[in-house]
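Encoded as structure tokens, the structure appears first; notes follow it.
In the working numbering, the protein residues as written are 1243 to 1499.
Following this line, the structure appears as structure tokens:
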């Protein structure tokens, strides 16, 4: 899938993502922002893969007076982000490639659930760490290959793997080595409860407003209908409670002598 196709899929998913996922992902966003110390070097906080920019309110409260820059490839997501940032002169939203940041340009880099969407996540993390000024801090939360046993993410992944070849996840092993010039301070699971009204609502959100929107656009309605039927067959009835576990990486750029 080309970058243009990926961006278009997320353009179409932006409103649904804001409505369904932003409130459910809020605890992870808060944890990622709160991992930043109050004392940072000069410079902006960069938020690559900002999406609709749910990090903004937390960042503005946690680091008052700090310039904040959101970056996203999707025009639809960027438009939503700009609406969230309206009236705040310290905030900019840039539409563009979030996988490469300007070296030594930032006091901090924060990203929640964007890393695993990029074509080369380990290369992106290397660039994000390289964007830190001396003493700057990186706080990244992403979904790893395994999030929980039996939850909706896992059940859907199992169903999908039976129909689509699994992607290469070896990049996860290269993330820590990619933190060149930065000291790893935290690498740990980050888990919070999540609730979905039912399996069908979750499936619809995931394929229309979530990470499976690009695949749904590429494969078409018949493929998604068959996937839905098998997913619902394996899913529990009624409200679905689960506690997925993300991975949280925090690193600090070394001070230069």
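Glycine included, C-beta positions come from ideal geometry on N, C-alpha and C. Computed from a prediction, not measured in an experiment: that's the story for all the values here.
Residue 1285 versus residue 1321 - alpha carbon distance:
Translated into positions along the chain shown, residue 1285 becomes position 43. Translated into positions along the chain shown, residue 1321 becomes position 79. Rounded to whole angstroms, the gap between the alpha carbons of residue 1285 and residue 1321 is 24 Å.
For residue 1464, which of helix, strand or coil comes out of DSSP?
Counting from one through the chain shown, the residue named residue 1464 turns up at place 222. Helix at residue 1464.
Kindly give me the distance between the Cβ atoms of residue 1493 and residue 1348, rounded to whole angstroms, as I take these residues to be in contact under 8 Å.
Locating residue 1493 in the chain shown gives position 251, counting from the first residue. Locating residue 1348 in the chain shown gives position 106, counting from the first residue. Between residue 1493 and residue 1348 a beta carbon distance of about 13 Å is seen, past the 8 Å cut, so the two are scored as non-contacting.
Own chain, CB closer than 6 Å to residue 1350, minus 5 neighbours either side, in chain order
Taking the chain shown and counting its residues from 1, one reaches residue 1350 at position 108. Apart from sequence neighbours up to five positions away, the residues of its chain that approach residue 1350 with a beta-carbon distance below 6 Å are 1278, 1282, 1287, 1378, 1379, ordered along the chain.
So the candidates are 1451, 1400, 1477, 1467; which of them puts its Cα closest to the Cα of residue 1318?
By 1-based counting over the chain shown, the position of residue 1318 is 76. The closest CA to that of residue 1318, considering only 1451, 1400, 1477, 1467, is found on 1451.
Could you please give me the residues that DSSP links to residue 1270 through a beta bridge?
What you label residue 1270 is simply residue 28 of the chain shown in a count that begins at 1. Beta-bridge analysis with DSSP links residue 1270 to no other residue.
Taking C-alpha atoms, which residue in 1470, 1495, 1256 lies nearest to residue 1397?
Here residue 1397 is taken as the residue at index 155 of the chain shown, counted from 1. Checking every option, the nearest Cα to that of residue 1397 belongs to 1470.
Contact check, residue 1271 vs residue 1300 under 8 Å by CB: the rounded distance?
The residue you call residue 1271 lines up with position 29 of the chain shown. The residue you call residue 1300 lines up with position 58 of the chain shown. Contact flag correct, Cβ pair sits at about 6 Å.
Of all the options 1424, 1388, 1364, which has the alpha carbon lying nearest to the alpha carbon of residue 1340?
Here residue 1340 corresponds to residue number 98 of the chain shown, with the count starting at 1. Comparing alpha-carbon positions, the option among 1424, 1388, 1364 lying closest to residue 1340 turns out to be 1364.
Do residue 1435 and residue 1485 have their C-beta atoms within less than 7 Å of each other?
For the purposes of this step, residue 1435 is identified with residue 193 of the chain shown, where counting begins at 1. For the purposes of this step, residue 1485 is identified with residue 243 of the chain shown, where counting begins at 1. The answer is yes: Cβ separation under 7 Å.
Buried versus exposed call for residue 1316 [16 or more other C-beta atoms within 10 Å across all chains shown]:
Counted from its first residue, the chain shown places residue 1316 at position 74. Sixteen is the threshold: when 16 or more other Cβ atoms of the shown chains lie within 10 Å of the Cβ of residue 1316, as they do, the residue is buried.
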